[in-house]
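Protein chains in written order, with the working numbering: chain A, -19 to 363; chain B, -19 to 363; chain C, -19 to 363; chain D, -19 to 363.
Even glycine gets a Cβ: it sits at the ideal position worked out from N, Cα and C.
This structure is a prediction, so every number in the text was calculated from the model and none was measured.
Here is the structure we will look at, set down as structure tokens.
There are 4 protein chains.
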Amino acid sequence: MRKVCIIITTRGNYAKLKSIIKAIHNDDDLELQLIMGGGAILERYGNITNELSLKGIRICKLIHFLIEGEIPVTMAKSAGVALSEFATAFEDLKPDVVITIADRFECLPITIAACYMNIPVAHIEGGEVSGSIDESIRHSISKLAHLHFPATKSAAERIKRLGEPEGTIFNVGCTSLDVLNDLNLNDKNVILKTMRDKGVGPSINIEDDYLVVIQHPVTTEYAKNLTHVNQTIKAIDQLKIKAFWLWPNMDAGSDGVSKGIRMYREEKHPDFVHFFKSLPIEEFGPLLYNSKCIVGNSSSGIREASFLGVPSVNIGTRQDGRERADNVIDVDYDEKQIKDTICSQVSIGRFEPSYLYGAGRASQKVTETLKIFDFKIQKRITY
Amino acid sequence: MRKVCIIITTRGNYAKLKSIIKAIHNDDDLELQLIMGGGAILERYGNITNELSLKGIRICKLIHFLIEGEIPVTMAKSAGVALSEFATAFEDLKPDVVITIADRFECLPITIAACYMNIPVAHIEGGEVSGSIDESIRHSISKLAHLHFPATKSAAERIKRLGEPEGTIFNVGCTSLDVLNDLNLNDKNVILKTMRDKGVGPSINIEDDYLVVIQHPVTTEYAKNLTHVNQTIKAIDQLKIKAFWLWPNMDAGSDGVSKGIRMYREEKHPDFVHFFKSLPIEEFGPLLYNSKCIVGNSSSGIREASFLGVPSVNIGTRQDGRERADNVIDVDYDEKQIKDTICSQVSIGRFEPSYLYGAGRASQKVTETLKIFDFKIQKRITY
Amino acid sequence: MRKVCIIITTRGNYAKLKSIIKAIHNDDDLELQLIMGGGAILERYGNITNELSLKGIRICKLIHFLIEGEIPVTMAKSAGVALSEFATAFEDLKPDVVITIADRFECLPITIAACYMNIPVAHIEGGEVSGSIDESIRHSISKLAHLHFPATKSAAERIKRLGEPEGTIFNVGCTSLDVLNDLNLNDKNVILKTMRDKGVGPSINIEDDYLVVIQHPVTTEYAKNLTHVNQTIKAIDQLKIKAFWLWPNMDAGSDGVSKGIRMYREEKHPDFVHFFKSLPIEEFGPLLYNSKCIVGNSSSGIREASFLGVPSVNIGTRQDGRERADNVIDVDYDEKQIKDTICSQVSIGRFEPSYLYGAGRASQKVTETLKIFDFKIQKRITY
Amino acid sequence: MRKVCIIITTRGNYAKLKSIIKAIHNDDDLELQLIMGGGAILERYGNITNELSLKGIRICKLIHFLIEGEIPVTMAKSAGVALSEFATAFEDLKPDVVITIADRFECLPITIAACYMNIPVAHIEGGEVSGSIDESIRHSISKLAHLHFPATKSAAERIKRLGEPEGTIFNVGCTSLDVLNDLNLNDKNVILKTMRDKGVGPSINIEDDYLVVIQHPVTTEYAKNLTHVNQTIKAIDQLKIKAFWLWPNMDAGSDGVSKGIRMYREEKHPDFVHFFKSLPIEEFGPLLYNSKCIVGNSSSGIREASFLGVPSVNIGTRQDGRERADNVIDVDYDEKQIKDTICSQVSIGRFEPSYLYGAGRASQKVTETLKIFDFKIQKRITY
């Protein structure tokens, strides 16, 4: 029975891996080895270990690897700690395959730990194009991974052009859409309950138009993240449309973004913005679906929003190069552009759902492939 | 004045970077920041710090990152330590560009440390194809690096196909050939002196035919390295042609290779083999040039040997996919094949020099490019 | 000229070392090597690097060693990172003596790094008795240190009984009192400015009676810190005396304490409590001096408060065994006891100043000793 | 059932813990958690994992923590890695008590890991006096440990004077003598077999007089270890009495000692010295018992030799302060003194056995105490 090691280091990862975890957990032919670490097990980023335990899923290891600081040098050092700690975990668990995902800074060292220990790696969501250091990390992981589960046709094509053998690439669609498929997105009670239980700031009347705002730091624009988020803050503050604002990921630069948000909250006490640390996809799904527009630079504005037909205003470089459906309009770090584009997007209203990132059936395809795939540990570029 | 950080972690790296170090050291427009670490500063792998100090080159940092063990898990952990330690060093030195080389296991984490800290990386000898984990590491580094100095035309072409912008790729040839160009390779006194001063085993009459043998571990064949080297040992032992045998690199699996060699030495006390830990290129150059054949799986059998026209018997998978000139014949881990091919190669004698890996003028091109290249820290795949 | 390496890892350390830093900085016979790290350079614990830079003191190294989590296993791992990182720093700086202080979890590994590298260690504030893991850490450091600067006569006596040679022990008094000696403690404008610029919560009328509250986690009571702090919170909440509450140190368990405070703030929005992350001693001094009572388990309630004659209610086990002047009354983690004792202390009013912890002239004695002390790197117990 | 975690990091540790491991393994009321790491699992220091596996004892974790280099900075860094790695292991194994031993550099960080995680520590062989950094480490561990098993009466007395509560101190004697008690020390066939199977150098006629030589580095005399061992080498070389020479421990400075021995071997090829990497106590016991004298600075010359009545020449400072029976004569690092003293010791012949270090019944006492001891995690100095 193949032992599949899945690693969750952020809530974002969890949203993407949740359907696969469930599928493997329920499959008699695969053994799930779940490792949690990083922000996913820290209170201040919204610890999610309880959510899993509640579902009866055993967590094999908790791995702390984040060196406090959220600056470039601590990002590098955290990556070093992750590499070393995951090596220990893999030595203990001896998985047959390690699942790694997308492009966060810890995913590359985790991949290296597995590769150096001759453990095959399956990579989810490779082959896309974006900004930030994520762009380099994603392709670098592709060149280490032995099996690829891209989310779009053009991502699959790109992995092939990177010299990966065609038989190792499976376009399965975006795994986070699986969860959306299972939700009753119209149920506004979920939103009301979430707002009651979580976050800070005023209660929002969700029958009114509202926005969802998520702005993450861009590591390659490290010094400017505070300036950049302030443009968004000013736009939102002037529009006075109700908004749910989600806290940024913990990356080099998140300090700058957080500072902007914190100062805004403490100085202006906006009575039309409710702030969340982070939300599970089950709560985020209905919140996004019923919003008038998503604003910021989260990949949710590109993927989930297009699948749900929600208008999206994408700010700055973080998603540069990522494929977009018609619901997305790109703007600069510019208060006026952001404001005007939000207005026009809100006035347009809901788009047709797009299947650019698949139809929400990824987990089954991933699971079936993991069972039978014939891994070759020695890689070779195809050209 | 640009600060160029060069990192030496093995004698092999040193041979390749020596000409560039010298060129930068002598250039008024560049500041050299030399870091040494890993095996390059350990006695048991042939510490080379003195060689540099003697030349008046200041070593900025000595970095110890090798966790003893030489097994896959310690390779991964050493990589983690390297990532963390080099981050500290870069934070201190604040280089404008970091030079990383080829495909050793520590080069990938060193590259990551620089990238995560938004320091541009120039990669030497990318784009080639080989076996072992090196194959994955090399291409993975290419997808992180900002500037590429491949050693062959087809390597340059391959980096381009990996999606790196054409203007970032400069085919400069193999940097280790620069040093060979400056040597008097006919001077056999160098060999005599080296044999007198270094290594263990009998004195060899170098007027007789002799072989050079170097067999490194293959990390992806971790458990079989002892068996594999024993095939070579048996072939050499039966041929009884004089031989200089160089100790393997320190990688996961080197324990197996070392054990084979050590047992052979202690049990058979061969009176026709002289063993060296490792040699500087100035001593290795004449030794190789005057030999009848190089045997094993070192890249020297592919690069330096072709430039010098020395016949080469390449064993096993380690150099799989790497471009070869006519002087190389590939064989399996098979005692008889190895033996027979050595015989036929020795009987053929010297080949015409090949310029497949350049003409030994790499360092000047590298230095000139480093001075003026316009680094873009945000990478983007070209397709 | 002796190179003296001083390490600051928390604001508390800084308060204690400030006068010594200044003295060494101004001394022509000593060279100051200042390293800052841990919570002292993190925004969320009140980064103090700027305060130093403003004074023209060069910071040689910034060292990040805190693995996020604030649970026992991350405390241990952070200690491991500290040990390794400080070794790197010492290798670079080559100090003639390292100053280490008191009993925080990082001070022991820092001491070990120096000792293992044959660098003499001078220990400030050894020999005292307390609760928590601090008790073990403090004496363990004494057995590694080469020179001792205890703060009281009985602490000096205790170090001698630990088998340290009499000639290595100098009772200099508590170094943090030096700074108090230089302040105009009556100047209430300092308090007003601090309240205006820092912290959250309502503005407090400082002409009214007010308390200062500081409750740190006790690592050896790891699981109970939330319960314990809640007793204090209830007492304060019922008393409704105005209060300034300082956030806890970052130790295993601080998460529990923080959670208690955060929940209190967010649920009750007390209009008589102003919260500070942490304060420099120059601002903390007047705040404490003008308060009616200090409450909690900070050592300030024992040392600074006795020197200033401020009544103190010391809660729980953290300061167990530490010498007290008459101003201190000990209570259990018990809401009623805490409440009643605060009332009686407030009604008593200011005490006579005590010189139990010295007279605020420590830094000069320390500096003079550092200049001439004849360090013996080989230690030997005296019995 | 109490889970007792025992850690072996060197062959020396193993010899001392072997009888306790066996006793716990066979006890139904205790669960053995065996961790091996450091030199004990490395081939080049004589990997001993197989010896344990052969006895049916399960090894829970293998921990690699040695950063190559064997210089002070790598000793410190290895300690840092050990602290972090053992924290991971303890988090996984959740022992009820951790057994730590004596005074090696890794034992202090291992103790810290346990203490910081609120796991009680039992310390074997504390309270003795010696030279090197070991002296500081040993007492520092005593101040962290919760239960003490010293090997002599005066060591027990010293721990008490260090302020440890009397009820936590149990003088059990030296644990390594337990194994000697179980051996047939007269059986010279063991020596013959060992010499046949292990080590390098000529076969020695053990009916002749022979010496046992073991010289470890002294970390606090880091730069002089080569010079010091050369005095011993010259003495042995001139005496021409047959000798078995055991390789040094791996500490900062072992490089110097090893170099001296290696150079002697390679230059002089002495035909009367047989060299061993290291030996299990079962083989070392008869070798020592039948020798005429033990020479060097190993603690075996003090403990085991006195119990067996073998004359001992103790060189230099490493054992300074350790209690001696009449069989020991101390000499300086001085060729002539060493030579003369060996001669006189050999001529004296066997001494009466001494019970200074107990009678070889330690393991039973340790095991019984571990079962019932009432651990208090909060320590408090007794004065």
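Three-state class that DSSP yields for residue i in the structure shown
i, result
"Lys356 (chain B)", "coil"
"Asp189 (chain C)", "coil"
"Leu10 (chain C)", "strand"
"Arg252 (chain C)", "It is Phe, not Arg, that sits at residue 252 (chain C) in the sequence shown. Three-state result, Phe252 (chain C): coil."
"Leu127 (chain C)", "strand"
"Ile171 (chain C)", "helix"
"Asn310 (chain C)", "Note on residue identity: the sequence assigns Asp, not Asn, to residue 310 (chain C). In the structure shown, Asp310 (chain C) sits in a strand (DSSP, three-state: E or B)."
"Lys133 (chain A)", "helix"
"Asn(-7) (chain B)", "helix"
"Pro266 (chain C)", "helix"
"Ile113 (chain B)", "coil"
"Lys345 (chain B)", "helix"
Chain-ordered chain C contacts of residue i [CB-CB under 9 Å]
i, result
"Ile47 (chain A)", "His44, Phe45, Leu46, Ile47, Glu48, Ser58, Val61"
Euclidean distance between Cα positions of residue i and residue j
i, j, result
"Leu46 (chain B)", "Asp114 (chain A)", "28 Å"
"His103 (chain B)", "Gln218 (chain A)", "48 Å"
"Cys(-15) (chain D)", "Ala215 (chain D)", "43 Å"
"Leu88 (chain D)", "Val101 (chain A)", "38 Å"
"Ile117 (chain C)", "Cys95 (chain D)", "9 Å"
"Tyr25 (chain B)", "Ala305 (chain D)", "43 Å"
"Asp158 (chain B)", "Thr199 (chain D)", "43 Å"
"Val209 (chain D)", "Leu226 (chain D)", "13 Å"
"Ala125 (chain B)", "Asp76 (chain B)", "14 Å"
"Ile105 (chain A)", "Phe129 (chain A)", "Here the sequence assigns Glu to residue 105 (chain A), which means Ile is not the residue at that position. Spanning the two alpha carbons is a distance of roughly 6 Å."
"Ala334 (chain D)", "Pro291 (chain D)", "Checking the sequence, you will find Ser at residue 334 (chain D) rather than Ala. Their Cα atoms are separated by approximately 12 Å."
"Lys356 (chain A)", "Ser112 (chain B)", "12 Å"
"Lys178 (chain B)", "Pro182 (chain D)", "24 Å"
"Val170 (chain C)", "Glu263 (chain C)", "6 Å"
Within chain A, the residues that residue i reaches when beta carbons sit closer than 7 Å
i, result
"Asp235 (chain C)", "Glu23"
"Lys123 (chain B)", "Ser116, His119, Ser120, Lys123"
Contact set between residue i and chain D, taken where Cβ atoms lie within less than 9 Å
i, result
"Glu86 (chain A)", "In chain order: nothing, as chain D lies at least about 17 Å away."
Identified DSSP bridge partners for residue i
i, result
"Val(-16) (chain C)", "C:Leu12, C:Val77"
"Ile149 (chain D)", "D:His128"
"Gly17 (chain A)", "A:Ile43"
Within chain C, partners of residue i - CB distance below 7 Å
i, result
"Thr321 (chain A)", "The premise fails here: Thr321 (chain A) is roughly 32 Å from chain C at the closest Cβ pair, so nothing lies under 7 Å."
Chain B residues whose Cβ lies nearer than 8 Å to that of residue i
i, result
"Thr68 (chain C)", "Glu65, Thr68"
Contacts that residue i makes with chain C (C-beta to C-beta distance below 8 Å)
i, result
"Val109 (chain D)", "Arg360, Ile361"
"Thr54 (chain A)", "His44"
Within chain D, partners of residue i - CB distance below 8 Å
i, result
"Arg141 (chain C)", "Arg141, Gly143, Tyr363"
Contact set between residue i and chain B, taken where Cβ atoms lie within less than 7 Å
i, result
"Lys74 (chain A)", "What Lys74 (chain A) touches in chain B: nothing, since even the nearest Cβ is about 11 Å away."
Can you list the beta strand (DSSP E) stretches of 3 or more residues lying completely in the stretch 38 to 103 of chain C, in chain order? 39 to 43, 77 to 81
Contiguous alpha helix (DSSP H) assignments of at least 4 residues, all confined to the stretch 176 to 248 of chain D: 205 to 219, 234 to 248
Which residue spans inside the stretch 272 to 305 of chain D form an unbroken alpha helix (DSSP H) run of at least 4? 284 to 288
May I have a chain-ordered list of the alpha helix (DSSP H) segments no shorter than 4 residues that lie completely inside the stretch 312 to 342 of chain D? 315 to 328
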